[in-house]
Each structure stands twice: as C-alpha cells, then as structure tokens.
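As given, the protein sequences belong to chains R and H, one line each in that order. To convert, note that position 18 of the first sequence is 24 in my numbering; the numbers rise steadily by one, no gaps. To convert, note that position 9 of the second sequence is 1110 in my numbering; the numbers rise steadily by one, no gaps.
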Amino acid sequence: MKIILHGISGQHPSAKPGAVPALREQNLTVRAGEQLAVIGPSGAGKTTLLHLLACALKPSAGRLLLDDQDPWQLSRRELQELRGALFLAPQVPPLPPRQRVVTAVLAGRLPHESLWASLRSLFYPTDIALAERALAGFDVSDKLFDRVDRLSGGERQRVGLARALVSQASLILVDEPLSALDPTRSQHAIETLTRAAQERGATLVATLHHVEMALAHFPRIVGLRDGQVAFDLPAAEVTPQHLQALYAQHLHELSGLASTEADALPTDPAPVVMHCR
Amino acid sequence: MPNELPAPALMPTRPALRDPAWAARVFWALAGLALLWPAVVLTEFKPWVLLEPGALKPALNFVGAFIPPRMDAEFLGLLARETWRTVAMATAGLTLALLLAIPLSLLSVRVLSLSSLTGRMAMVPSVLRQGVRWLLLVLRSVPELVWALVFVRVVGLGPTSGVLAIALTYSGMLGKVYADIMESGDAHATTNLMRNGSGRLQAFFYGLLPQNAGELTSYTVYRWECAIRSSAVLGFVGAGGLGQLMDSSMKMFNGSEVASILLVFMALVWLADRMSAMLRKGLA
C-alpha cells in the first residue's frame, strides 16, 4: 500500500485542547512494499504516527492518502473495509487473558472472513496449521493451545506479532515489536516480519527503540524528534552524527537497552468495578 | 545527641503536616448521618418493639411451630413437584430474559462503537445506545410482581405468568449489568480488533466475550438464584410453584410446612452457589 502524508498533525484524543500536537505538519511518502523503521527518543511522536497511518487517529490537520484515497472521506462502512487492509500491532499485545493462543492468532484473519466462518472457528479452529506456521516464525509454536495468561511477557508479544502474519493486510504497522524480547529472539522476530512483508508485497512500518536493529534490517530510516521528521535516509547513509543529534538529551536511550515506556497516556479514571452484585 | 524532631502530636501544629482530606471526610460523614435521620423517622424504625412481650409471643409461637418440619411422604411428594416447577419457572424465565438481554446489551455497549474508535461517537449510534439503555431501565424498574399481576390477567393463573414476569424484569437487569461489565473491563483487545477491520460481532466474540466471560457467567448464575427466590414471591399472586405452596401453608399458620419449604429454598440457593463457584473455577 502506498502512503502519502501531507502536512499532517495529530494528537491523542485525550490530550488537552491547547497542547502542542505529538506530530506537527509532517510530510512523508512511502512506496508500496517499502520497509521503513521509525526511530527517535521517547515522546517523539512515533506511536502517534503509527496510529495516524492505521486510521486509529484522525489527523487534526493535513491529509493522509492510502493508495491515493483519503480514508477520512470514506463512509464509516468503507473505512472499516479499508481497515481490513491495515494491520496495527500495538506495543502491548491486545490479547484477552483467557483466550487460547491459536484463537488469538487466528483473530488476525477476522476482517477477511465472514461472521459465520469466525464463529465456526471458535468451535473448532479452522486453520490450525496456519496459526502454527505463524507462531513458528517467532519460536512460540509450542504454545499453540496454551492460554494467553499462561505466557510470559515476551511470548505474548510474539503471539501478537504472529497475528500480523495471519492477516492479509497490505500495510503492516508494528509499534515497538521488540520491547520485551532478548537480542536473539529480536533478531529472528524482525527477520520473520520483514520477510513476511516482502513475500506478500506489503508495506511495513515499524517503530523501534533498538537503533542497531533498525539500521541492520530496514532499508529506510526515519528519525523523529519532537513531533518532526529530523531525517529520512537510506539506512547506509545514517551517520553517528545523525543519531547523536536525534537522541541529544536522550543519549541513554541510544544504548539499545532503552527504557521501553508503556503507552502511559493520561486517561480518565476507570469507574469502580463492581465484583459482587 | 539531641533529638531534633518534636514529639509526635495528634494535631501537628505546622499546617503543612495536616491531612488535607480531613475536613472533607468529617463533612461527608456528618452529611451521611443527616441524610439518614429523616429516613429513620419516616420508616418508624423502632427495633425495640420487637422485644415487647405482646409482639414477641405470637411471633415465637409461629416460629416454634417450625419444629419439626413436615416430612411425611405425601407432603414431600408435593414439595418435590412444586420445587421442580419453581426451578423450571426460574430457568425458563431466565432463558427468555437472556434472549432479550444479550441483543439489548450488545446494542447498548459503547465499547463496540466503530465511530468512537476515533474521537466521539456519532450522533445516531449514540442516540440509539441511550434509547436502548432507557428501554432496559423501564424493563427493570417495573417489579416482577407487577408484571406477574398483569400476566395473570392475560394468561390466567399458573407458571406461565411467572415465567413472563421474570423474563421481562430480568432482561432489564441482565442487559444493564452485562453492558456495565463489558464496559468496565479492559477494552484494548476489542478496540484493536475493530481498528484492524473486524466487524463488531467478531470483535465481541474474539475480544470482548473472552475478556469478560468469567464475570458475565458468575453474574448470570447469581441472577438464576435470584430468579428462584423471586419465583417464590410470584407464587403468592398465583404463579404456582413453591411460593403458592408457601402461601397456602402461611394462610393456615402451618409452621412445619413453611419450615420444610424454607429448607428447600436454602438447598436451592446453596446449589446455585456451588454451581457458580464451579463455573468460575472452570473459567478462571
């Protein structure tokens, strides 16, 4: 899928009205099938950028074009259909604790199957082999029939990524896919992701804290800082000076063992849960 | 070495060390008492009249007649039949209530809104959801006793009116609480599925339901227990079952029969409790 961002700004819906947007008037063009890593210090607007691309966030200014089509001009039904071609893997894997891994992975296929087919798959999983193959790409195929709440944080993250392989999206957006993985697993996970995207010609945009991993596996690197694109270069042309400038005052994050901040967005306090009624 | 800290006092003199929440806490405690007082006056709350000899004696006589409970074969047979009828009435009523409550709660739950994935919910769905919530409010604010009196006139005496009464009131309660449970749980899994293009029902079956299945089940079993108890009350207006049996025993001041019926009630509630514990363990 081809992406064009034109003077786009975005901020989280719960941000204060007068606050500076997390992403300000940025332009970016991504060709279909291109693979792109977004790096930058915490709070640079990486997650906001992904949410804008996933149509999970409406831009406060500017235009987004996906395959020359403005998703926000579409009707709600058409937009939902378009979302089926996008896949967003958030940093915290969105898996219900009581669900089994096989169901959680096959949920990636939901937009491409009928309600009836998805109900039948709850009764007996329709394509166990597909889920198994996807999990094998991230070394968690042995957990196929385990429940999600029996998995470690790293295993959960990889199950969340396996869902991306099952979906038939033509734009894959992954937010910090490696935040809970050790170096070997990270290496393998990122190779699986990039290969899968390449095989089906899907565009891949990943935000990464791990700069070396980004430089080693992605042909194009976008550096974000304070809501603006600091540089947009082929990986080979990114110099240590670029990185120094990008992470100035955040140099501890450049070490690779970056603190992975969770999506600590200010939300309204949840109502008290009534456990006994 | 001199100790520089002053001895701890109940009310520290330095204002910075005073608990800032203190005044609010005192205010709300007093306000609660002030609101309670008219209620006590209005309900003529005088628990000591229970202990006056004139009132105590007939009450003790009635309760004394509870022992021993009636246990002969003829009555036990009748009891078993009416128990079965009560359980059937509660179960059928709850099943009908579920048929109504599940679609209504799905219509009213805000987590399954596509338009509120990005910003505010659109006008039409928001009005629809509010409308369904009002319908649920109407259904549950009419007591089942009133529904039963209405249906007894329509379908005549018997369990059918009890079933319909339970179905209507309980669909209102179940629908409202189901929606509340689903909205108070973690919505991340559900919204992510919808953001990636799934339909709302798919997001319900793959995200919202597994997320909240335990709570929903345990609440449903608890409501089944309540339905058994309220079918007793409905028996008093002629809906049949244990309640009707109890009504006639009460009218004849037959304490031993009342005692047997109450024992059956306790057994049923105990059973529901075990069932709920078992289900919650299975779904944990």
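Glycine included, C-beta positions come from ideal geometry on N, C-alpha and C.
Report the neighbours of residue i on chain H: residues whose CB is nearer than 9 angstroms to its CB, in chain order.
{"i": "Ser124/R", "result": "Ser1299, Gly1300, Leu1302, Gln1303, Phe1306 and Tyr1307"}
{"i": "Lys64/R", "result": "Thr1219 and Gly1220"}
{"i": "Ala60/R", "result": "Arg1296 and Asn1297"}
{"i": "Thr109/R", "result": "Tyr1307 and Pro1311"}
{"i": "Leu121/R", "result": "Gly1300, Leu1302, Gln1303 and Phe1306"}
Mind pulling the chain R residues with CB within less than 7 angstroms of residue i?
{"i": "Gly1276/H", "result": "None at all; the shortest Cβ gap to chain R is about 14 angstroms."}
{"i": "Ala1290/H", "result": "Pro100, Leu101 and Pro102"}
{"i": "Pro1311/H", "result": "Pro102, Arg104 and Gln105"}
For a contact meaning CB atoms closer than 7 angstroms, what does residue i contact in chain H?
{"i": "Gly90/R", "result": "Gly1298"}
{"i": "Phe93/R", "result": "Asn1297"}
{"i": "Leu116/R", "result": "Leu1294, Ser1299, Gln1303 and Tyr1307"}
{"i": "Leu128/R", "result": "Phe1306"}
{"i": "Pro96/R", "result": "Asn1293"}
{"i": "Ala113/R", "result": "Leu1294 and Tyr1307"}
{"i": "Gln86/R", "result": "Leu1215 and Gly1298"}
With distance defined between alpha-carbon atoms, name the residue in the options nearest to residue i.
{"i": "Glu138/R", "options": "Gln97/R, Leu34/R and Thr109/R", "result": "Thr109/R"}
{"i": "Arg89/R", "options": "Met7/R, Leu239/R, Leu128/R and Ala67/R", "result": "Met7/R"}
{"i": "Ser173/R", "options": "Phe93/R, Lys22/R, Arg162/R and Leu157/R", "result": "Phe93/R"}
{"i": "Arg1391/H", "options": "Leu1363/H, Pro1159/H, Thr1187/H and Leu1380/H", "result": "Past the edges of chain H, shown from 1102 to 1385, lies residue 1391/H, and the structure says nothing about it."}
{"i": "Glu1245/H", "options": "Ser1272/H, Arg1234/H and Leu1229/H", "result": "Ser1272/H"}
{"i": "Arg1324/H", "options": "Gly1300/H, Glu1153/H and Met1274/H", "result": "Met1274/H"}
{"i": "Gly39/R", "options": "Trp78/R, Asp73/R and Leu121/R", "result": "Asp73/R"}
{"i": "Ala1189/H", "options": "Tyr1279/H, Ser1209/H and Leu1265/H", "result": "Leu1265/H"}
{"i": "Val1247/H", "options": "Trp1129/H, Phe1128/H and Val1334/H", "result": "Val1334/H"}
{"i": "Gly1165/H", "options": "Ser1361/H, Ser1357/H and Phe1128/H", "result": "Ser1357/H"}
{"i": "Arg1186/H", "options": "Lys1352/H, Ser1214/H, Val1278/H and Ala1328/H", "result": "Ala1328/H"}
{"i": "Asn1355/H", "options": "Phe1176/H, Leu1310/H, Lys1147/H and Asp1287/H", "result": "Phe1176/H"}
{"i": "Phe151/R", "options": "Val111/R, Leu177/R and Glu182/R", "result": "Val111/R"}
{"i": "Ser1319/H", "options": "Asp1287/H, Ser1332/H, Tyr1307/H and Val1278/H", "result": "Val1278/H"}
{"i": "Lys52/R", "options": "Ala168/R, Leu11/R, Asp181/R and Glu119/R", "result": "Asp181/R"}
{"i": "Arg231/R", "options": "His18/R, Thr54/R and Ile10/R", "result": "Thr54/R"}
{"i": "Ala186/R", "options": "His215/R, Leu171/R and Gln204/R", "result": "His215/R"}
{"i": "Leu136/R", "options": "Leu121/R, Leu171/R and Arg164/R", "result": "Leu171/R"}
{"i": "Ala1191/H", "options": "Asp1348/H, Leu1134/H, Ile1203/H and Leu1343/H", "result": "Leu1343/H"}
{"i": "Met1347/H", "options": "Leu1180/H, Asp1173/H and Val1210/H", "result": "Leu1180/H"}
Taking the C-alpha atoms as reference points, what is the distance between residue i and residue j?
{"i": "Ala6/R", "j": "Pro225/R", "result": "The structure shown has nothing for residue 6/R, since chain R only spans 7 to 283."}
{"i": "Asn1313/H", "j": "Ala1198/H", "result": "19 angstroms"}
{"i": "Gly1341/H", "j": "Met1367/H", "result": "19 angstroms"}
{"i": "Ser20/R", "j": "Phe1337/H", "result": "54 angstroms"}
{"i": "Ile14/R", "j": "Gly68/R", "result": "4 angstroms"}
{"i": "Lys22/R", "j": "Ala236/R", "result": "25 angstroms"}
{"i": "Val26/R", "j": "Arg1221/H", "result": "20 angstroms"}
{"i": "Ser1285/H", "j": "Leu1380/H", "result": "21 angstroms"}
{"i": "Gly1257/H", "j": "Ile1168/H", "result": "36 angstroms"}
{"i": "Ser244/R", "j": "Ala195/R", "result": "What sits at residue 244/R in the sequence shown is Val, not Ser. Their Cα atoms are separated by approximately 23 angstroms."}
{"i": "Gly16/R", "j": "Met1376/H", "result": "51 angstroms"}
{"i": "Gly1300/H", "j": "Thr1144/H", "result": "53 angstroms"}
{"i": "Leu1369/H", "j": "Ala1268/H", "result": "20 angstroms"}
{"i": "Pro1121/H", "j": "Gln1345/H", "result": "58 angstroms"}
{"i": "Ala268/R", "j": "Ala251/R", "result": "Model confidence at Ala268/R stands at a pLDDT of 41, short of 50, so the residue's coordinates are unreliable and nothing is read from them."}
{"i": "Ile134/R", "j": "Ser158/R", "result": "22 angstroms"}
{"i": "Pro183/R", "j": "Leu1218/H", "result": "23 angstroms"}
{"i": "Gly1298/H", "j": "Leu116/R", "result": "8 angstroms"}
{"i": "Val1365/H", "j": "Leu1302/H", "result": "41 angstroms"}
{"i": "Gly262/R", "j": "Gly207/R", "result": "Since pLDDT at Gly262/R reaches only 48, below the 50 mark, its modelled position is unreliable, and the value read off the structure follows with that caveat. Near 29 angstroms, if we compare the C-alpha coordinates of Gly207/R and Gly262/R."}
{"i": "Gln79/R", "j": "Gly160/R", "result": "39 angstroms"}
{"i": "Thr1184/H", "j": "Ser1331/H", "result": "13 angstroms"}
{"i": "Trp1371/H", "j": "Gly1315/H", "result": "20 angstroms"}
{"i": "Ala1156/H", "j": "Val1141/H", "result": "21 angstroms"}
{"i": "Leu1118/H", "j": "Ala1288/H", "result": "40 angstroms"}
{"i": "Pro1260/H", "j": "Leu1201/H", "result": "20 angstroms"}
Kindly list, in the order they appear in chain R, the residues whose Cβ is closer than 8 angstroms to that of residue i.
{"i": "Leu1179/H", "result": "Here the premise fails: no neighbours, minimum Cβ distance about 34 angstroms."}
{"i": "Ala1314/H", "result": "Arg104"}
So which residues of chain R does residue i contact, with C-beta pairs closer than 9 angstroms?
{"i": "Leu1384/H", "result": "Arg104"}
In chain H, which residues lie with their C-beta within 8 angstroms of the C-beta of residue i?
{"i": "Leu34/R", "result": "In chain order: nothing, as chain H lies at least about 20 angstroms away."}
{"i": "Leu55/R", "result": "The premise fails here: Leu55/R is roughly 15 angstroms from chain H at the closest Cβ pair, so nothing lies under 8 angstroms."}
{"i": "Pro19/R", "result": "Thr1219 and Gly1220"}
- request: Anything in the region 162-187 of chain R with a Cβ closer than 8 angstroms to a Cβ of chain H? List those residues in chain order, please.
  value: Within the region 162-187 of chain R, the residues whose Cβ lies closer than 8 angstroms to some Cβ of chain H are Ser173 and Ala175, listed in chain order.
message: Beta carbons nearer than 7 angstroms to chain R: which residues of the region 1325-1343 of chain H have them?
response: Under the 7 angstroms Cβ criterion, the region 1325-1343 of chain H contributes no residue.
query: Of the residues that make up the region 205-216 of chain R, which ones have a beta carbon closer than 7 angstroms to any beta carbon in chain H?
result: If you check each beta-carbon in the region 205-216 of chain R against every beta-carbon of chain H, none falls closer than 7 angstroms.
task: Pull out every residue of the region 1137-1170 of chain H whose Cβ sits closer than 8 angstroms to any Cβ of chain R, in chain order.
output: Legend: CB atoms of the region 1137-1170 of chain H lying less than 8 angstroms from CB atoms of chain R are not found in any residue.
field: Residues from the region 1191-1221 of chain H in contact with chain R, defined by Cβ distance under 9 angstroms
entry: Listed by position, the residues of the region 1191-1221 of chain H near chain R (Cβ gap below 9 angstroms) are Leu1215, Ser1216, Leu1218, Thr1219, Gly1220 and Arg1221.
message: Which residues of the region 68-82 of chain R have a Cβ closer than 8 angstroms to any Cβ of chain H? Give them in chain order.
response: Taking 8 angstroms as the Cβ-Cβ cut-off, the region 68-82 of chain R approaches chain H at Arg82, given in chain order.
- request: Take every Cβ of the region 219-234 of chain R, pair it with every Cβ of the region 31-50 of chain R, and state whether three or more of those distances are shorter than 8 angstroms.
  value: Yes, since at least three Cβ pairs between the region 219-234 of chain R and the region 31-50 of chain R fall closer than 8 angstroms, the two stretches touch.
query: Would you call the region 139-148 of chain R and the region 122-129 of chain R in contact, with 3 or more CB pairs under 8 angstroms?
result: Here the region 139-148 of chain R does not lie against the region 122-129 of chain R, with fewer than 3 beta-carbon pairs under 8 angstroms apart.
message: Would the region 1144-1163 of chain H count as touching the region 1221-1234 of chain H if we require 3 or more Cβ pairs under 8 angstroms?
response: Between the region 1144-1163 of chain H and the region 1221-1234 of chain H there are fewer than three C-beta pairs closer than 8 angstroms, too few to call the two in contact.
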